[in-house]
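Peer 1: Sharing a structure here in structure tokens format.
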Amino acid sequence: MYGFQIDQPIDPNLITREEAAVILHRSVQGMANQLDAGRLTKYQIRERCILVDRREVEALARELHSKH
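Quick look at the structure:
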């Protein structure tokens, strides 16, 4: 349309911290704790834009829910 080209499109498996919190049944702060603990890989796109891989989140959710 305008001639712009995206060199590296964002992977469709990357989701926001808020979306990950819903999958994990945690608060956004609880999700931040998982990131700080290194349990998930953080992809920082911009200063305030942090994404995580949905596949990692779903694997962590299975792990957390299997303990209950």
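Take 0 as the starting number for the sequence shown in numbering that gives the first Met the number 0 and just add one per residue.
The C-beta atom is built at its ideal place from N, Cα and C for all residues, glycine as well.
This structure is a prediction, so every number in the text was calculated from the model and none was measured.
Given that a residue counts as buried once 16 or more other Cβ atoms are within 10 Å of its Cβ, and exposed if not, what is R61?
Peer 2: Sequence index remark: in the sequence shown, residue 61 carries index 62 (1-based). By the neighbour-count rule (16 or more Cβ atoms within 10 Å), R61 is not buried but exposed.
Peer 1: On the CB-based measure, 16 or more other CB atoms within 10 Å of its CB, does A19 come out buried or exposed?
Peer 2: If you number the sequence shown from 1, residue 19 lands on position 20. Buried: at least 16 other Cβ atoms inside 10 Å.
Peer 1: Helix, strand or coil: how does DSSP classify R38 here?
Peer 2: What you label residue 38 is simply residue 39 of the sequence shown in a count that begins at 1. Coil at R38, not helix or strand.
Peer 1: L39 and V27: beta carbons closer than 9 Å?
Peer 2: Locating residue 39 in the sequence shown gives position 40, where the first residue counts as 1. Locating residue 27 in the sequence shown gives position 28, where the first residue counts as 1. Result no, Cβ atoms of L39 and V27 do not sit closer than 9 Å.
Peer 1: For I22, which residues from the same chain have a beta carbon less than 7 Å from its beta carbon, with the 5 sequence-adjacent residues on both sides left out?
Peer 2: Reading the sequence shown from its first residue, position 23 is the one you call residue 22. Only V56, E57 and A60 meet the Cβ criterion.
Peer 1: Starting from the C-beta of E17, find all residues in its chain whose C-beta is less than 7 Å away, skip the five residues before and the five after it, and write them out in chain order.
Peer 2: Start at 1 with the first residue of the sequence shown, and residue 17 comes out as number 18. Result list for E17: V27, in chain order.
Peer 1: Span of the beta strand (DSSP E) holding I9?
Peer 2: The count along the sequence shown starts at 1 and reaches residue 9 at position 10. Counting along the chain, I9 falls outside any beta strand (DSSP E), and DSSP gives it neither H nor E.
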